[in-house]
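Below is one structure; the comments refer to it alone.
Chains as they are written, first to last, in the numbering used here: chain H, 706 to 908; chain V, 706 to 908.
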């Protein structure tokens with residue numbers, strides 16, 4: 706194993722792009738004025754109209770504190786290792802539930818129970834039409850359970866890290882202080898929300 | 706005022722794109738294999754290397770529960786109104802703090818106290834290099850204070866909504882059930898984290 710390296714970044718012509726595209730949107734705003742907006746879009750959006758799922762997973766163990774499994778992988782757009790929840794694109798004809806179960810199994814090896822399926826939300830609505838659903842999943846572990854095998858696609862190299870949920874926010878801040886890591890925004894916001902709720906008087 | 710309408714969506718050629726671009730990344734992965742990745746990128750990234758800030762704001766009032774101000778605006782990439790925290794691009798030569806104070810003032814009219822500046826996090830790391838910092842801000846209100854004036858840029862039409870923090874998650878779910886609204890992923894994840902922390906036994 707070696708450190709991944711970006712060797713070149715070049716303009717991508719629309720005819721060569723397989724996964725993403727740029728679009729120009731002409732629209733009439735609330736005042737009746739004609740305006741334009743530039744957006745990036747995925748070419749792979751599922752029939753359900755949503756691009757991806759993330760799995761907010763909770764690992765329950767008889768003798769350990771409630772924890773979550775994070776995945777760390779090299780992300781060429783960022784040029785760093787990202788710290789994220791397991792996630793992936795919803796396949797054509799797949800539901801968000803099915804995609805969540807499949808991606809959780811592939812990236813972590815675990816099968817869990819779906820507790821809640823979030824609504825489609827916009828990942829970066831000023832720049833793209835990318836949407837995602839947060840699926841909360843509980844995995845019940847036994848006392849002496851080995852880490853299950855991942856079922857990764859060819860070319861996927863994903864490291865797994867288990868973090869107690871009470872430490873999640875501080876651990877994400879620690880990763881953020883390291884030059885070669887970046888935390889994913891959605892995971893960070895979830896952890897920041899947990900931290901906020903447990904440290905702030907809300908009523 | 707009328708309902709905004711998308712009149713056309715067309716391919717955007719790289720030479721006409723002013724705000725965003727597509728790039729092809731050639732990289733060597735951990736196994737020494739040469740691979741490529743497609744990414745969308747902003748042409749406007751600040752000198753600090755971070756694209757944007759979001760303002761996780763807390764409004765404190767002598768006789769009302771702690772609340773937050775959300776902004777609702779039509780987002781052409783989504784074709785709906787999005788529900789978000791105030792946010793915006795960091796200008797050239799601006800710091801995240803400065804951008805947060807400026808955007809909060811422009812979009813909400815309020816000036817607040819910065820409590821915490823989050824690390825740069827990746828908005829959608831499979832698809833773009835877009836990064837954002839979450840800035841937590843407290844605004845202290847008086848008993849009989851009018852809603853301040855916004856200072857919006859030309860063409861910006863942003864509606865403000867104040868939501869008690871204890872109701873944030875359920876209100877976001879309500880908006881999500883309406884066809885012409887979509888909640889932004891980062892705000893949703895923060896609220897889901899708050900909801901999770903207050904409804905789950907973590908130790």
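We put the CB at the ideal spot given by N, CA and C, even for glycine.
Asked, Found
"With H, G and I counted as helix, E and B as strand and the rest as coil, what does DSSP make of residue 805(V)?", "helix"
"Examine chain V for any beta-carbon lying closer than 8 Å to the beta-carbon of residue 833(H), and answer yes or no.", "yes"
"Return the first residue and the last residue of the alpha helix (DSSP H) that residue 907(V) is part of.", "Per DSSP, residue 907(V) belongs to no alpha helix (DSSP H) and is neither H nor E."
"Rank 827(H), 883(H), 810(H) and 726(H) by C-alpha distance to the C-alpha of residue 843(H) and give the top, closest one.", "810(H)"
"Indicate the three-state DSSP secondary structure (helix, strand or coil) for residue 786(H) in the structure shown.", "strand"
"Kindly give me the distance between the Cβ atoms of residue 760(H) and residue 790(H), rounded to whole angstroms, as I take these residues to be in contact under 8 Å.", "6 Å"
"Under the assumption that residue 758(V) contacts residue 801(V) (Cβ atoms under 8 Å), give the Cβ distance between them as a whole number of angstroms.", "5 Å"
"Within a Cβ cutoff of 7 Å, which residues of the same chain sit near residue 783(V), ignoring the five residues on either side of it in sequence?", "887"
"If contact is defined by three or more beta carbon pairs under 8 Å, each pair taking one atom from either stretch, is the segment 818-837 of chain H in contact with the segment 859-874 of chain H?", "no"
"What residue from 737(H), 786(H), 726(H) and 881(H) has the CA that sits closest to residue 863(H)'s CA?", "786(H)"
"Assign residue 718(H) to one of two classes, buried (16 or more other C-beta atoms within 10 Å of its C-beta) or exposed (fewer than that).", "exposed"
"Within the same chain, show all residues whose beta-carbon is closer than 6 Å to that of residue 779(H), passing over the 5 residues directly before and after it, in chain order.", "709 and 786"
"Within its chain, find whatever has a CB closer than 7 Å to the CB of residue 819(V); leave out the 5 residues flanking it on each side and keep chain order.", "802, 805, 840 and 842"
"When you compare the CB of residue 767(V) with every CB in chain H, is at least one pair closer than 8 Å?", "no"
"Counting only the same chain and skipping the five closest in sequence on each side, list residues whose C-beta sits under 7 Å from that of residue 711(H).", "781 and 784"
"Got a sec, what are the start and stop residues for the alpha helix (DSSP H) residue 876(H) sits in?", "873-881"
"Note down, in chain order, each residue of its chain lying with its Cβ closer than 7 Å to the Cβ of residue 896(V), except the 5 sequence neighbours on either side.", "873, 874 and 877"
"Could you tell me the distance, in whole angstroms, from the CA atom of residue 848(H) to the CA atom of residue 906(V)?", "20 Å"
"If you follow the beta strand (DSSP E) that residue 721(H) is part of, which residue opens it and which one closes it?", "Note, residue 721(H): premise wrong, no beta strand (DSSP E); not H, not E."
"Residue 786(V) CB to nearest chain H CB: under 8 Å?", "no"
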